[in-house]
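The structure under discussion appears below in the form of structure tokens.
The following block contains the structure:
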């Protein structure tokens, strides 16, 4: 056994075919898309070469600017929400609920399993304002405030999207970070308690530093996922009203498939790839400096 | 290693280029837009009745896609050679014309003449189709619509309101309706086009029937003051609250129901609404629905007799899946659609030869179609896909005051100039 797995050539032969298929399937479309950024057109009408026009256009296109800032804003706010609430939940499971946390964990995790489109439709009805008020507007009216057209303006629609996505995914981060907290040795916490440490100092000096690796992993995961948001926004507002809740992914989809310009759509896809790459590199670099990975 | 990747890439590229050949369909697959609720009932009636024989050979299978995504979906299927036997297309006429150019659509002129049923299509409908879709008769007029304002006759009679003939009379009427506690206009901000129809209505009345053709040809810009005036007129309606609350989130069905349940006094819509008006879903009753043209604008170059006409979001047959069995279906549909539609109270571009009892509103519309002097198109009719999308997604912002009239027209003009 060891002689087979120890031999480099044997490993190459065993892994080779699968690695080749995997590389082709992931790399070829990426390179193809990169190639398309120098063209203009679509499969139905054909492609024509137009050099770096797409790149020049992406710097001056106000729709791309709007979509870019929306994506960044959404990614940062939703990630912060997801991580903080997820961490809070993990601490809850660890210190308050302890053994009986299974039921709560499962219930809070449940929205993660639901289809995002179904959740978007749910929230559409919850925050409905026309023709009849949904639940939230009814509550507002009963309290004495007026009803709000939540999905009728960019700012309020943004709030709904953020609430929806945090509600949906905080259960996942709760479970993920909980597994990280479980790795902290019990005796360290016990001895700190015996020494008289209160909860907040326990958190600051022991728990937070020791769960930093899993926190970093969650932040990368979260940022990468939120930058690429598509289905929840598409199902809730379709990017509306106007293009006030259009992230880069949705604008890229529209450009390629609705406005029939695969070339410019590919350029936007390239921009998105670069953003994800930059985020990942930044986080890896800062974590390596801490020497915790 | 690089060589292996290179060869594989070539192989994959070759695969993608050709695509599989379209095989003969074993069902009459029909892809339509979800918002179209009027075509399927008639096709079902035909499948049970006059076309039962064709139904046995090729059963009808209908699937739906939201209207905003239909053009993109059809283009994708077209490029993969996977179009269904029958499909709706041309939500944006420029996109429909592209499909015609690429030869994926059947030449209906030829096909219908071969089947001997070419005379079953009304010439008015054929000419509208040719105007919209690059000069060829390549789409079937399952709907042939004119547009105008449907109004609640009982409500009007109760309050002593008359049909407005001019724009000022309309806005005065709207104020009175609002004071009486009803919503003057039901309109779907979520769809957007019901609002931009009002903009084009005003434009045609104030600037003449060729106003938007000039914009499409580049001889005028939407940002010219006389065009902005039209957008401003509609923005003013919104500023006065004549569209009711929260128009942005109102979808098509909800807006139609606002009118059919009596909450709204008027709705600008096309004659495809007759299908809903003549159905059981109409709470106010078909005899209480009236139809009037979009009013004239004082001092305008347009004529109140010019009705916006269209063929709805039409359906057509794919050229690659046109087998003899599909041809039989096409022949049966062309022969009998007109009559089946007339029995359900709908008006189409197919000629019907049965005498059907028509209620007043249906009769008014039939007569108007027969006697109108000239037809005009609609706001986004001659715009490319991006401008069409920008226009309909920003329309609600125009009427809620979040976008000024100048900014709205500037956005659309920019999308026309940079598709």
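Residue numbers (this note's numbering), protein chains in the order written: chain A, 1 to 293; chain B, 294 to 712.
Heads up, the beta-carbon is just placed ideally off N, CA and C, and yes, glycines get one too.
Three-state secondary structure assigned by DSSP to residue i
i             : result
residue 365/B : helix
residue 68/A  : helix
residue 228/A : coil
residue 445/B : strand
residue 355/B : strand
residue 549/B : helix
residue 236/B : Residue 236/B lies beyond the range of chain B shown here (294 to 712); nothing can be said about it.
residue 328/B : coil
residue 612/B : coil
residue 426/B : coil
residue 670/B : coil
residue 40/A  : strand
residue 508/B : helix
residue 296/A : In the structure as shown, chain A begins at 1 and stops at 293. Residue 296/A is therefore absent and cannot be evaluated.
residue 563/B : strand
residue 589/B : strand
residue 618/B : helix
residue 90/A  : helix
residue 114/A : coil
residue 538/B : coil
residue 319/B : coil
residue 662/B : helix
residue 595/B : coil
residue 345/B : helix
residue 557/B : strand
residue 177/A : helix
residue 269/B : Shown here, chain B extends from 294 to 712; a query on residue 269/B therefore has no answer.
residue 259/A : coil
residue 414/B : strand
residue 438/B : strand
Residue i Cβ short of 6 Å to the ligand MG heavy atom set
i             : result
residue 463/B : With respect to the ligand MG, the structure shown offers nothing to examine, as it has no ligands at all.
Close-in-space but distant-in-sequence residues of the same chain around residue i (CB under 6 Å, 5 per side omitted)
i             : result
residue 698/B : 521, 524, 525 and 528
residue 389/B : 382, 383 and 426
residue 157/A : 151, 237 and 245
residue 308/B : Confidence at residue 308/B is low in this model, with a pLDDT of 43, below 50, so the placement of that residue is unreliable and no value is reported for it.
residue 8/A   : none
residue 394/B : none
residue 333/B : 355
residue 583/B : 444 and 446
residue 492/B : 523, 524, 527 and 672
residue 325/B : 357 and 381
residue 302/B : Interpretation of residue 302/B is limited by its pLDDT of 49, a score under 50 that renders its predicted location unreliable; the figure taken from the coordinates is listed afterwards. Closer than 6 Å at the Cβ level, and outside the excluded window around residue 302/B, lies no residue.
8 Å Cβ shell around residue i - same chain, five flanking residues per side excluded
i             : result
residue 469/B : 452 and 454
residue 276/A : 224, 227 and 228
residue 727/B : Lying outside 294 to 712, the shown extent of chain B, residue 727/B is not represented and no answer is given.
residue 645/B : 631, 632, 634 and 635
Proximal residues to residue i (C-beta, below 7 Å), its chain only, five neighbours per side dropped
i             : result
residue 642/B : 414, 415, 418, 434, 437 and 604
residue 159/A : none
Distance between beta carbons of residue j and residue i, contact taken as under 8 Å
i             : j             : result
residue 530/B : residue 467/B : 7 Å
residue 440/B : residue 430/B : Contact flag wrong, Cβ pair sits at about 22 Å.
residue 590/B : residue 460/B : 5 Å
residue 476/B : residue 551/B : 6 Å
residue 555/B : residue 577/B : 5 Å
residue 327/B : residue 258/A : The pair is not a contact, with the Cβ atoms about 17 Å apart (cut-off 8 Å).
- Determine, using beta-carbon pairs with one atom in the segment 604-611 of chain B and one in the segment 370-386 of chain B, whether at least three such pairs fall under 8 Å. A contact exists between the segment 604-611 of chain B and the segment 370-386 of chain B.
- What are the start and end residues of each continuous alpha helix (DSSP H) run of 4 or more residues lying completely inside the segment 460-501 of chain B, in chain order? If you keep only unbroken alpha helix (DSSP H) runs of at least 4 residues inside the segment 460-501 of chain B, you get 460-472 and 486-500.
- Message: Would you call the segment 141-159 of chain A in contact with the segment 554-573 of chain B, where contact means no fewer than 3 C-beta pairs closer than 8 Å?
- Response: Touching, no.
- Three or more beta-carbon pairs under 8 Å between the segment 613-620 of chain B and the segment 417-424 of chain B, yes or no? No: the two stretches stay apart, fewer than three of their Cβ pairs being nearer than 8 Å.
- Task: For the segment 449-466 of chain B and the segment 694-709 of chain B, state whether three or more C-beta atom pairs, one from each stretch, are separated by less than 8 Å.
- Result: Result no; under three Cβ-Cβ pairs closer than 8 Å.
- Query: Counting pairs of Cβ atoms below 8 Å between the segment 61-78 of chain A and the segment 211-227 of chain A, do you hit three or more?
  - Reply: The answer is yes - the segment 211-227 of chain A touches the segment 61-78 of chain A, with three or more Cβ pairs under 8 Å.
- Message: Under 8 Å, with one C-beta from each stretch per pair, do the segment 127-144 of chain A and the segment 247-262 of chain A reach the 3-pair mark?
- Response: Pairwise C-beta distances place the segment 127-144 of chain A out of contact with the segment 247-262 of chain A, as fewer than three of them are shorter than 8 Å.
- Message: Any contact between the segment 170-177 of chain A and the segment 79-91 of chain A? By contact I mean 3 or more CB pairs, one from each, below 8 Å.
- Response: With contact defined as three or more Cβ pairs closer than 8 Å, the segment 170-177 of chain A and the segment 79-91 of chain A are in contact.
- Please determine if the segment 254-268 of chain A and the segment 35-44 of chain A are in contact, where contact requires at least 3 C-beta pairs separated by less than 8 Å. With the rule of 3 Cβ pairs closer than 8 Å, the segment 254-268 of chain A counts as touching the segment 35-44 of chain A.
- Output the residue ranges of the alpha helix (DSSP H) runs that lie fully inside the segment 134-173 of chain A and measure 4 residues or longer, sorted by chain position. Segments of the alpha helix (DSSP H) lying fully in the segment 134-173 of chain A: 135-143.
- Message: In chain order, what are the residue ranges of uninterrupted alpha helix (DSSP H) at least 4 long that sit wholly in the segment 364-406 of chain B?
- Response: If we require 4 residues or more, the alpha helix (DSSP H) runs fully inside the segment 364-406 of chain B come out as 386-394.
- Query: Counting pairs of Cβ atoms below 8 Å between the segment 208-224 of chain A and the segment 46-64 of chain A, do you hit three or more?
  - Reply: Note that the segment 208-224 of chain A does not touch the segment 46-64 of chain A; fewer than 3 beta-carbon pairs, one per stretch, sit closer than 8 Å.
- Query: Given 8 Å as the limit, is there contact between the segment 345-354 of chain B and the segment 320-331 of chain B, that is, 3 or more CB pairs closer than that?
  - Reply: Contact holds: three or more Cβ-Cβ distances are below 8 Å.
- Message: Contact between the segment 503-512 of chain B and the segment 471-482 of chain B is defined here as three or more beta-carbon pairs at a separation below 8 Å; is this criterion met?
- Response: In short, these stretches do not touch, since the Cβ pair count stays below three.
- Query: Contact between the segment 177-185 of chain A and the segment 204-213 of chain A: three or more CB pairs below 8 Å?
  - Reply: Judged by Cβ distances under 8 Å, the segment 177-185 of chain A makes contact with the segment 204-213 of chain A, as three or more pairs qualify.
- Item | Ordered list of alpha helix (DSSP H) runs contained in the segment 180-233 of chain A, each at least 4 residues | Along the segment 180-233 of chain A, the alpha helix (DSSP H) occurs as fully enclosed runs of 4 or more residues at 186-194, 199-202 and 212-227, listed in sequence order.
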